[in-house]
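Below: one structure, written as structure tokens.
Numbering (the numbering used here), first residue to last: 2 to 249.
Printed below as a string of structure tokens:
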């Protein structure tokens, strides 16, 4: 799908920028003293290794000790010892317009998973996590590295108030009409009617002193309405909680 390809390209660009940043880059203050982290910090313990073919995906920190909060969905595929034992609410019950086509448990990948994937930066100071629900994909990015001030046009992002959620939609199709299969509709009189589509949502979520990026890719006709629903997108972000990360 077009939007999926752009999400992948966007992540590749992020990794390229990270690789271009010197290893001596300064680090932002995470803001671990923020009240949002108060319930998490007493439980913040190193994560054990997962083993066996049926084990849950390893919690970030298995080989890398992250120094910034790592966001995840406890109870939905992640065995996070740093999270309390309360039952997770299914997303279809907690999130307005969560699509029925979404898998109950996502496939989760984290980069970097090993120190050699840290792209020349201090391991544990950034991450890109992908939650693949089949027809919905969520890419979460966290980074406490300050950009190289010597690079042209490379400036630190202004951080909003802790708890703020800002949603922007990016129309990768430049106002082209899109059909139910996600393809560009020909400009002919007999073309299929276009579906309303705001474009791919990218959500800036601030907690503590860092702003995290949540990119949502709705790759099926049955999920596209969710990407246009700002209330549902806000509810989705608020389901994420800190599952790993150690103050340093």
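Virtual Cβ for every residue (Gly too), placed ideally from N, Cα, C. For clarity, every value in this text was computed on a predicted model and none was experimentally measured.
Residue range of the alpha helix (DSSP H) that includes residue i
i, result
"residue 161", "Per DSSP, residue 161 belongs to no alpha helix (DSSP H) and is neither H nor E."
"residue 238", "231 to 240"
"residue 29", "Run containing residue 29: none; DSSP gives neither H nor E here."
"residue 92", "92 to 95"
"residue 44", "Here residue 44 belongs to no alpha helix (DSSP H), and DSSP marks it neither H nor E."
"residue 38", "That residue, residue 38, is in no alpha helix (DSSP H); it is neither H nor E in DSSP."
"residue 228", "225 to 228"
Separation of residue j from residue i, as counted between CA atoms
i, j, result
"residue 109", "residue 64", "16 Å"
"residue 124", "residue 144", "11 Å"
"residue 206", "residue 212", "5 Å"
"residue 252", "residue 140", "The structure shown has nothing for residue 252, since the chain only spans 2 to 249."
"residue 131", "residue 107", "9 Å"
"residue 164", "residue 222", "31 Å"
"residue 166", "residue 208", "10 Å"
"residue 228", "residue 45", "33 Å"
"residue 225", "residue 78", "24 Å"
"residue 202", "residue 170", "4 Å"
"residue 121", "residue 35", "29 Å"
"residue 66", "residue 76", "22 Å"
"residue 172", "residue 214", "17 Å"
Opening and closing residue of the beta strand (DSSP E) in which residue i lies
i, result
"residue 219", "211 to 219"
"residue 205", "201 to 208"
"residue 171", "166 to 171"
Other residues of its chain near residue i: CB distance less than 8 Å, five sequence neighbours each side excluded
i, result
"residue 189", "With a pLDDT of 42 at residue 189, under the threshold of 50, the predicted position of this residue should be treated as unreliable, though the coordinate-derived value follows. If we look at residue 189 and ignore the five residues flanking it on each side, it has no Cβ neighbours."
"residue 256", "It is not possible to answer for residue 256, since the shown part of the chain is limited to 2 through 249."
"residue 101", "93, 223"
"residue 90", "240"
"residue 118", "112"
Bridge partner(s) assigned by DSSP for residue i
i, result
"residue 144", "127"
"residue 71", "245"
"residue 133", "108, 138"
"residue 79", "75"
Neighbourhood of residue i by C-beta, 6 Å cutoff - its chain only, sequence neighbours within 5 removed
i, result
"residue 237", "96"
"residue 135", "104"
"residue 138", "218"
Whole-angstrom C-beta distance between residue j and residue i, which should lie under 8 Å
i, j, result
"residue 32", "residue 210", "3 Å"
"residue 267", "residue 247", "Since the displayed the chain opens at 2 and closes at 249, residue 267 lies outside it and no answer follows."
"residue 242", "residue 72", "7 Å"
Cut-off 7 Å between Cβ atoms - residues of its own chain near residue i, not counting five sequence neighbours on either side
i, result
"residue 98", "226, 227, 230, 233"
"residue 249", "68"
"residue 111", "61, 128, 130"
"residue 114", "64"
"residue 116", "64, 65, 124"
"residue 27", "147"
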